[in-house]
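In short: position in the sequence shown from 1, add 2, done, that's the numbering used here. Reviewing the structure listed below.
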Amino acid sequence: MKKVITVVTITMLLLFIGVYYFFYDMSHFSGGTLIAEETSPDGTYTVKAYLGEHGATVADTVRGELVFNEMGRRPKNIYWNYREEEADMYWVDEDTVVINGIELTVPSEIYDFRRDEGRE
């Protein structure tokens, strides 16, 4: 009985990790063609937008990557939207960027179209 509980627990844990990684975590998204780049007014951050072209059967995506210019940190994905081909970006202030109409306070906020209830 103890062995069955252990196997079930490990299986559930691995399943949970897999679901989180593939359906919720944006850190594994990379690549694409650089289409836009904007540096914050004080030079602390740069947001780079990449176009993800996925072929004829899946619509294109735009991925926004936050680069920490002088902090020695790894870049962080902060924006991911489906059915987009362009990135219109501008900084409101040192910590607020607007990407295709979505306002984000960096580095804490992210936008992932899969979490937006009002969109497809």
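Even glycine gets a Cβ: it sits at the ideal position worked out from N, Cα and C.
In the structure shown, Arg116 adopts helical secondary structure according to DSSP, grouped into three states.
Of the residues assessed, Ser42 falls on the buried side of the cut-off, its CB having 16 or more other CB atoms within 10 angstroms. Annotation: Ile12 to Asp114 spans about 29 Å, alpha carbon to alpha carbon. Shown here for Thr107: same chain residues with a beta carbon closer than 8 Å to its own, the five before and five after excluded, namely Asp97, Thr98 in chain order. In the three-state DSSP reduction, Val108 falls in the coil class, being neither helix nor strand.
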